[in-house]
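Enquirer:
2 protein chains.
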Amino acid sequence: MPLLVMKFGGTSVADLARIKNAAEKVKREVERGHEVIVIVSAMSGKTNELVGWVEQTSPMFDAREYDAVVSSGENVTAGLMSLTLQEMDVPARSWQGWQVPVQTTSAHSTARIEDIPRANIDAKFAEGMKVAVIAGFQGLSPEGRITTLGRGGSDTTAVAFAAAFDAIRCDIYTDVDGVYTTDPRIEDKARKLDKIAFEEMLELASLGAKVLQTRSVELAMRYKVRLRVLSSFEDNDEHSGTLVCDEEDIMEQNVVSGIAYQRDEAKMTLISVADRPGIAAAIFGPLASAGVNVDMIVQNISEEGRTDMTFSCPVNQVARAQKAMEDARTNGDINFHELVADTDVAKISVVGIGMRSHAGVASKMFDALAKEGINIKVITTSEIKISVLIDRKYMELAVQALHDAFGLEHAA
Amino acid sequence: MPLLVMKFGGTSVADLARIKNAAEKVKREVERGHEVIVIVSAMSGKTNELVGWVEQTSPMFDAREYDAVVSSGENVTAGLMSLTLQEMDVPARSWQGWQVPVQTTSAHSTARIEDIPRANIDAKFAEGMKVAVIAGFQGLSPEGRITTLGRGGSDTTAVAFAAAFDAIRCDIYTDVDGVYTTDPRIEDKARKLDKIAFEEMLELASLGAKVLQTRSVELAMRYKVRLRVLSSFEDNDEHSGTLVCDEEDIMEQNVVSGIAYQRDEAKMTLISVADRPGIAAAIFGPLASAGVNVDMIVQNISEEGRTDMTFSCPVNQVARAQKAMEDARTNGDINFHELVADTDVAKISVVGIGMRSHAGVASKMFDALAKEGINIKVITTSEIKISVLIDRKYMELAVQALHDAFGLEHAA
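The structure is reproduced here in structure tokens:
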């Protein structure tokens, strides 16, 4: 019997009525002849409440106890989902992570799934169970303690089950109806994509289009899991939502698939750094140790043995970055004239696997921004992405201009 | 190192401040040289919330899923308690029921503890851990599923751990400072007892003095666990609270230890039942099947082959009892003239192991009630208890009169 994985996020199971709504979608798939593995998140708000309690209790908390506490929200939803399905005459039962067991590393609160033995769940399917409901986000360490996979980890649970059980597809139900060419709140011509390549989804996810956890996309790409994002709050058929899939499965493809942005970026420049071998390590080592998430890095041409080094990071990490750099200067590890922080920038990226075979994407992007009088402060590029930093006040305008320039309101 | 079990109920861990207060009591015992096993309930209100969700989802719920859901409240408190202790530099870790494992029967939602293997926890004590925090109320079935022990089950968890680990004592921290001669809200001369015998505590617990779960008292009696009830909200020393112990450990003992009551009783009388062998079974079988908790049973002298049969039950079960009796009459299983229900009665009981060796307790009781003009409707007696049904409006007066008559405001 074909097996389908369906994952419901926090807003999709926020209360008993929504759990029932989700269960009806599951029942429909059972009636279509599927066995189903359902992955559930905690009711929305619950995990935050639990995390808040832990952080208030112990700022430098023992991550093993953190995991034991915050995993409880998913256990509640798993049981309630199973009961709801049973009420609808769908044979179902729930599993907590340790019962499967979802075997993970011991890296508490950021554990990685190592294996999902199928035996326990397969045995119940063989007995006539139609739906296995799994508490997402959690697993069991080799030491027998509860682990969690990090925020958004239920997506990863879903993809890992889809891979382990050779699912025909992994459907991620959420509060949006798919992946868009850009944020519809900024550009009302934003268009829902029917398909998107894994690589593109990865770039979009890491750029803040918070539809899927990045790691779940990586995992889906590695194990060739067909991943679909769709809405819990609409009626769906097999063409609903957005399918995240292999590049080869996408027939027609715009050169650019989407425009992403990150509003709260800062641009930091170390002026007149002594340019010597190992200088980059001397700068970015201390930043990493201080927990600064450095994103873009640009080094200008060196003049007379000195250079300017520019990097970007989230705006709320600027103070941390400044302290790390001043400390490194005091220690004599680096030498620079001045550290200039520009905290009023935003990052705009165009993403598309079509770029690989099409020249001119960069110049088209820069032209479109220039026409609107938007100055580009930093540029970085990867194989399928071009990112720029601009003044934050132009962010919405830039998204709209680029969406237009690449004709994203129309499918290819 | 002497090992102490400390159990904190829902009101004692209702929020982070109270968890901290409880943790301070635990730390004090560690400083006194004890190893400690802490049993925690869910934060007050949490279990009711979870039960409510289950019942709304599925009125005839699968008890296995019920247990998976409602056990989650204790998991949260166990983790938070462990974190709080760690913050106070007390080496602690938490265990959920399945991790110990607390092995139970498969009777979901009313499971009984079968065994508590010590190895896992002993190994951590040997490594220097000072406090094991255990999620109460829950265990693991032979099938590997989560079980719960029924409401108030954390008391039973505590006593079972005290027995398994040869604890010097099992301290039950609650929101009252001990066991009283009667309810202080009714009789302001009610006196806290320093000691009470297991047998007396059992009668009081089953009579609605909701300090301890009945089963935990039975278990303590069987395994000779010294059980102490005391307040979370006061400073305590080793003489605080009430010690529940063997009869032999109580030096001085009043003839009567306490006065218990149950407000919402009903008295039901089947008038003119055909008196034949098996008639009691024909009456009380259907009542049990209908879920009626029959308490007192009195059969009058038979006249001309017919008798009146009186029993009591909680007032909210009267309709169910009436239907069961009418159905049994319709089926021809029993034959009676009329079923009379008196829904305005209360039950008053005097309890004391001293009764065994002192005659005259019953007559003193009846005298005291007669002096107040209180009519007795039904009487039953056991070895250490005499119970009567009276009009509900006299309940408070009866409690006060009996408390006076047996001199309970003064210790023996």
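Protein sequences, first through last, are from chains A and B. What the first sequence shows, in this note's numbering, is residues 1 to 412, in sequence order. What the second sequence shows, in this note's numbering, is residues 1001 to 1412, in sequence order. Note that the Cβ used here is the ideal one computed from N, Cα and C, for glycine as well.
1) Are the CB atoms of B/V1292 and B/A1321 within a distance shorter than 7 Å?
2) Find out if the Cβ-Cβ distance for the pair B/L1003, B/A1126 is shorter than 7 Å.
3) Where B/A1368 and B/Q1317 are concerned, what is the direct C-alpha to C-alpha distance, given to the nearest angstrom?
4) In angstroms, rounded to a whole number, what distance separates the CA positions of A/S363 and A/G278?
5) For A/I50, go through chain B and note every residue whose CB falls closer than 7 Å to its CB, in chain order.
6) Thinking C-alpha only, which one of B/A1260, B/Y1223, B/A1197, B/E1248 is nearest B/V1229?
7) Sorted by chain position, which residues of the same chain lie with C-beta nearer than 7 Å to B/F1311's C-beta, five sequence neighbours on each side aside?
8) Let me check understanding here. Comparing Cα to Cα, which of B/K1385, B/N1375, B/G1178 lies closest to B/K1393?
9) Tell me which same chain residues have a C-beta within less than 8 Å of the C-beta of B/Q1103, skipping the five on either side of it?
10) What does the alpha-carbon distance come out to for the pair A/F284 and B/M1129?
11) Is there contact between the stretch 1037-1044 of chain B and the stretch 1007-1014 of chain B, where contact requires at least three CB pairs shorter than 8 Å?
12) Classify B/A1017: buried if its beta carbon has 16 or more other beta carbons within 10 angstroms, exposed otherwise.
13) Count the C-beta pairs between the stretch 1350-1366 of chain B and the stretch 1248-1266 of chain B that are closer than 8 Å, then say yes if the count reaches three, no if not.
14) Just verifying my parser: in three-state terms, what is the DSSP assignment at B/M1309?
15) Between the C-alpha atoms of A/T343 and A/A290, what's the straight-line distance to the nearest angstrom?
16) Output the distance between the C-alpha atoms of B/G1045 and B/D1235, rounded to the nearest integer angstrom.
17) How should B/D1062 be labelled, buried or exposed, when 16 other C-beta atoms within 10 angstroms of its C-beta is the threshold for buried?
18) Which residue from A/L149, A/M221, A/M60, A/I386 puts its Cα closest to that of A/A359?
19) Can you tell me which of B/F1165, B/A1288, B/D1177 puts its alpha carbon nearest to the alpha carbon of B/Y1223?
20) For A/D333 versus A/G305, is the C-beta spacing smaller than 7 Å?
21) Keeping to the same chain, check which residues put their C-beta closer than 8 Å to that of B/V1420; ignore five residues upstream and five downstream.
22) Less than 7 Å between CB atoms is the rule here; does A/F233 satisfy it with respect to chain B?
23) Can you tell me whether A/T181 is buried or exposed? The criterion is at least 16 other CB atoms within 10 Å of its CB, across all chains shown.
24) Suppose contacts are defined by Cβ-Cβ distances below 7 Å. Is B/E1187 in contact with B/H1403 by that definition?
25) If you drop the 5 nearest sequence neighbours on each side, which residues of the same chain put their C-beta closer than 7 Å to that of A/E238?
26) Find the residues of chain A that neighbour B/L1083, judging by a C-beta separation of less than 7 Å, and give them in chain order.
27) Hey, how far is the Cα of A/I301 from the Cα of A/H34?
28) Which partner residues does A/G139 have in the DSSP bridge list?
29) Could you check if A/D155 is buried or exposed, using at least 16 other CB atoms within 10 Å of its CB as the buried criterion?
30) Quick one: which chain B residues come within Cβ less than 7 Å of A/Q86?
31) Just to check my reading of the structure: B/W1098 and B/I1134 have Cβ atoms closer than 8 Å, yes? What is that Cβ distance to the nearest angstrom?
32) At the level of alpha carbons, what is the spacing between A/A401 and A/Y173?
33) How would you list, in chain order, the residues of chain B whose beta-carbon sits under 8 Å from the beta-carbon of A/S12?
34) Check the DSSP bridge columns for A/E35 and list the partner residues they point to.
35) Helix or strand or just coil, what does DSSP make of A/D391?
36) Which complete beta strand (DSSP E) runs does the stretch 296-350 of chain A hold, if anything under 3 residues is left out?
Expert: On the basis of the supplied data:
1) The count along the second sequence starts at 1 and reaches residue 1321 of chain B at position 321. The count along the second sequence starts at 1 and reaches residue 1292 of chain B at position 292. Judged by beta-carbon spacing, B/V1292 lies within the 7 Å limit of B/A1321, meaning their Cβ atoms are closer than that value.
2) Taking the second sequence and counting its residues from 1, one reaches residue 1003 of chain B at position 3. Taking the second sequence and counting its residues from 1, one reaches residue 1126 of chain B at position 126. It is not a contact, given that the beta carbons lie outside the stated cut-off.
3) Sequence index remark: in the second sequence, residue 1368 of chain B carries index 368 (1-based). Sequence index remark: in the second sequence, residue 1317 of chain B carries index 317 (1-based). B/A1368 and B/Q1317: Cα-Cα distance of roughly 31 Å.
4) Taking the first residue of the first sequence as position 1, residue 363 of chain A is located at position 363. Taking the first residue of the first sequence as position 1, residue 278 of chain A is located at position 278. In a straight line, the C-alpha of A/S363 is about 33 Å away from that of A/G278.
5) Residue numbering aside, residue 50 of chain A sits at position 50 when the first sequence is read from its first letter. It is Leu, not Ile, that sits at residue 50 of chain A in the sequence shown. Within chain B, the residues V1076 have their CB atoms less than 7 Å from the CB of A/L50, given in chain order.
6) Locating residue 1229 of chain B in the second sequence gives position 229, counting from the first residue. Considering only alpha carbons, the answer is B/A1197.
7) Mapped onto the second sequence, residue 1311 of chain B falls at position 311. Counting only Cβ-Cβ distances below 7 Å, and skipping sequence neighbours, we find M1268, V1294, M1296, I1297.
8) Numbered from 1 along the second sequence, position 393 holds the residue referred to as residue 1393 of chain B. Selected option, being the one with the closest Cα: B/N1375.
9) Counting from 1 along the second sequence, the entry for residue 1103 of chain B is found at position 103. If we look at B/Q1103 and ignore the five residues flanking it on each side, its Cβ neighbours are I1113, E1114, D1115, I1116, P1117, G1139, L1140, P1142.
10) For the purposes of this step, residue 284 of chain A is identified with residue 284 of the first sequence, where counting begins at 1. For the purposes of this step, residue 1129 of chain B is identified with residue 129 of the second sequence, where counting begins at 1. Straight-line Cα distance between these residues: approximately 40 Å.
11) Cβ pair count under 8 Å is three or more, so yes.
12) Within the second sequence, the letter at position 17 stands for residue 1017 of chain B. Result: exposed.
13) yes
14) As a working mapping, residue 1309 of chain B is identified with position 309 in the second sequence. B/M1309: strand per DSSP, three-state reduction.
15) Residue 343 of chain A sits at position 343 when you count from the first residue of the first sequence. Residue 290 of chain A sits at position 290 when you count from the first residue of the first sequence. The straight-line gap separating the alpha-carbon atoms of A/T343 and A/A290 is approximately 19 Å.
16) Here residue 1045 of chain B is taken as the residue at index 45 of the second sequence, counted from 1. Here residue 1235 of chain B is taken as the residue at index 235 of the second sequence, counted from 1. Each residue's Cα considered, the two are about 25 Å apart.
17) In the second sequence, the residue the question calls residue 1062 of chain B occupies position 62. Answer is buried; the Cβ neighbour count reaches 16.
18) Locating residue 359 of chain A in the first sequence gives position 359, counting from the first residue. Cα-wise, what sits closest to A/A359 is A/I386.
19) Your numbering for residue 1223 of chain B matches position 223 in the second sequence. Ranking B/F1165, B/A1288, B/D1177 by Cα distance to B/Y1223 puts B/F1165 first.
20) For the purposes of this step, residue 333 of chain A is taken as the residue at position 333 of the first sequence. For the purposes of this step, residue 305 of chain A is taken as the residue at position 305 of the first sequence. Taking 7 Å as the Cβ cut-off, A/D333 and A/G305 do not qualify as a contacting pair.
21) The requested residue 1420 of chain B does not occur in the structure, where chain B is confined to residues 1001 to 1412.
22) Residue 233 of chain A sits at position 233 when you count from the first residue of the first sequence. No, because no Cβ of chain B sits closer than 7 Å to the Cβ of A/F233.
23) Counting from one through the first sequence, the residue named residue 181 of chain A turns up at place 181. Looking at its Cβ environment, which holds 16 or more other Cβ atoms inside 10 Å, A/T181 is buried.
24) Here residue 1187 of chain B is taken as the residue at index 187 of the second sequence, counted from 1. Here residue 1403 of chain B is taken as the residue at index 403 of the second sequence, counted from 1. Yes, they are a contact pair.
25) As a working note, residue 238 of chain A is residue 238 in the first sequence. Nothing listed; no residue qualifies.
26) What you label residue 1083 of chain B is simply residue 83 of the second sequence in a count that begins at 1. Chain A residues near B/L1083: V54, T57, S58, F61, D62, E65.
27) Position 301 of the first sequence, counted from the first residue, corresponds to residue 301 of chain A. Position 34 of the first sequence, counted from the first residue, corresponds to residue 34 of chain A. Roughly 60 Å between the two C-alpha positions.
28) As a first step, residue 139 of chain A is located in the first sequence; it is residue number 139 there, counting from the start. In DSSP, A/G139 forms a bridge with A/T147.
29) The residue labelled residue 155 of chain A in the question sits at position 155 within the first sequence. Looking at its Cβ environment, which holds 16 or more other Cβ atoms inside 10 Å, A/D155 is buried.
30) Here residue 86 of chain A refers to the residue found at position 86 when the first sequence is read from its first residue. Per Cβ cutoff of 7 Å: S1058, D1062.
31) As a first step, residue 1098 of chain B must be located in the second sequence, where it is residue number 98. As a first step, residue 1134 of chain B must be located in the second sequence, where it is residue number 134. So it is not a contact: roughly 11 Å between Cβ atoms.
32) The count along the first sequence starts at 1 and reaches residue 401 of chain A at position 401. The count along the first sequence starts at 1 and reaches residue 173 of chain A at position 173. Going from the Cα of A/A401 to the Cα of A/Y173 covers about 31 Å.
33) Position 12 of the first sequence holds residue 12 of chain A. In chain order: nothing, as chain B lies at least about 16 Å away.
34) Looking up residue 35 of chain A in the first sequence gives position 35. Per DSSP, A/L3.
35) Position 391 of the first sequence, counted from the first residue, corresponds to residue 391 of chain A. DSSP places A/D391 in strand when its eight states are reduced to three.
36) 297-299, 306-314
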